[in-house]
Amino acid sequence: MLKKLEKIEQKLNETIEKVLAFLISLIPQFVFDKIAKIKQSSKSKFNFFFQKLKSLFAIVSTFVSKQRERVNRIVNFISNYPLKDQILKLVDCIKVLLLKTPLKSHAHNISSWVKSSINSIDSKMEKIGKGQLTVAVFAISLISFGLLGVINSTNKIIDLEYPNRAPASAQEYKYKPAYKMFSAKTIRVLNVQIPVYREKVTQIRSVTVDFTVRTSTRFAKKYLTHYENQLKDYLFTRTEPVLSSFAIEEEGKQVIKEKIAYELNNFLKENNVEGEVEEVAISFIVAN
248 MLKKLEKIEQ KLNETIEKVL AFLISLIPQF VFDKIAKIKQ SSKSKFNFFF
298 QKLKSLFAIV STFVSKQRER VNRIVNFISN YPLKDQILKL VDCIKVLLLK
348 TPLKSHAHNI SSWVKSSINS IDSKMEKIGK GQLTVAVFAI SLISFGLLGV
398 INSTNKIIDL EYPNRAPASA QEYKYKPAYK MFSAKTIRVL NVQIPVYREK
448 VTQIRSVTVD FTVRTSTRFA KKYLTHYENQ LKDYLFTRTE PVLSSFAIEE
498 EGKQVIKEKI AYELNNFLKE NNVEGEVEEV AISFIVAN
């Protein structure tokens with residue numbers, strides 16, 4: 248049985264080899280040429296890239312070695328520098344200058360230096376001229392006084408326009424700003440259908456409103472936000488229809504705001520929610 252299986256496997260392998268050889272013979276020669284060209288080009292590109300990378304690595308290694316040698320030279324110079332000997336020499340010079348040199352010679356040297364400085368200043372002043380020097384000093388004085396006046400007047404104007412407030416730690420507020428909790432008490436409701444009464448077929452069929460509501464408590468705002476879908480259904484079923492020709496006018500918008508505020512207050516009362524609607528503002532209205 249095993250021998251038969253081996254023979255079958257051998258025949259299958261021979262058949263597969265023949266089929267592959269036949270299929271390969273069907274492939275045109277230019278395909279093999281194209282594959283060989285691709286292999287050759289990829290090999291040449293790889294070799295070019297490898298050579299470039301190798302040269303770059305050589306440049307980097309030489310630069311690093313040069314910098315290392317320079318750093319080593321600096322470190323050797325600092326470590327071998329006779330700092331202690333130089334400090335001792337400086338101390339000896341100071342001792343000789345202060346102790347062994349007479350005081351008269353020091354005074355003579357200082358006086359000679361002062362005289363030379365005064366003479367150089369006198370020579371420069373003579374070159375400039377006393378008249379020009381006086382004019383220059385007078386002009387500098389006028390400019391200085393003018394700048395001081397401008398600075399003082401600017402400071403006075405700034406103090407009048409922007410008076411200094413008390414430090415934040417010391418400032419006391421007697422009341423809480425009314426706008427402080429607006430964002431925590433305001434909800435925006437979108438795409439609310441308002442019932443419309445029309446007398447003719449050609450009149451407006453529906454009115455869609457986007458509005459914002461500010462409540463007196465944060466809990467009321469959160470409740471309305473959580474039950475927004477029930478709120479929309481409540482408004483559509485409970486709000487009395489308005490005339491289609493009256494809905495998009497200013498008076499009609501005012502009536503719609505009052506209706507929304509009234510029904511929202513009823514909605515909150517029916518659900519035993521603490522708080523009430525303080526303001527309703529229509530931000531967008533579309534009539535179809």
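Under the working numbering, read the sequence shown as residues 248 to 535, first letter to last.
Beta carbons are placed, not taken as given, at the ideal position from N, Cα and C, and that holds for glycine.
The structure presented is a predicted model; accordingly, all values stated were derived computationally and were not measured.
Query: Return helix, strand or coil for Tyr509, following the three-state DSSP convention.; Result: helix
Query: Check whether the Cβ atoms of Leu471 and Leu515 lie closer than 9 Å to each other.; Result: yes
Query: Have a look at Ile255 and Ala283 and give me their C-alpha separation to the nearest angstrom.; Result: 37 Å
Query: Give me the DSSP bridge partner(s) of Glu526.; Result: Arg461
Query: Go through its chain and collect everything with a Cβ distance to Lys479's Cβ below 6 Å, but skip five positions before and after it.; Result: Val439
Query: Output the boundary residues of the beta strand (DSSP E) element that contains Arg435.; Result: Thr433 to Ile441
Query: Would you report the Cα separation of Asp406 and Ile387, rounded to the nearest angstrom?; Result: 29 Å
Query: Name the one or two DSSP bridge partners that Val456 has.; Result: Val439 and Ile532
Query: Going by the beta-carbon positions, is the gap between Ser453 and Glu525 smaller than 9 Å?; Result: no
Query: Where does Leu511 land, buried or exposed, given buried means 16+ other C-beta within 10 angstroms?; Result: buried
Query: Please state whether DSSP places Tyr470 in a helix, a strand or coil.; Result: helix
Query: Within 10 angstroms of the Cβ of Ile441, are there 16 or more other Cβ atoms? Answer buried if so, exposed if not.; Result: buried
Query: Which of the three DSSP states is assigned to Val489 in this structure?; Result: strand
Query: Can the beta-carbon of Ala536 be found closer than 9 Å to that of Lys504?; Result: With the chain running from 248 to 535 in the structure shown, residue 536 is simply not present.
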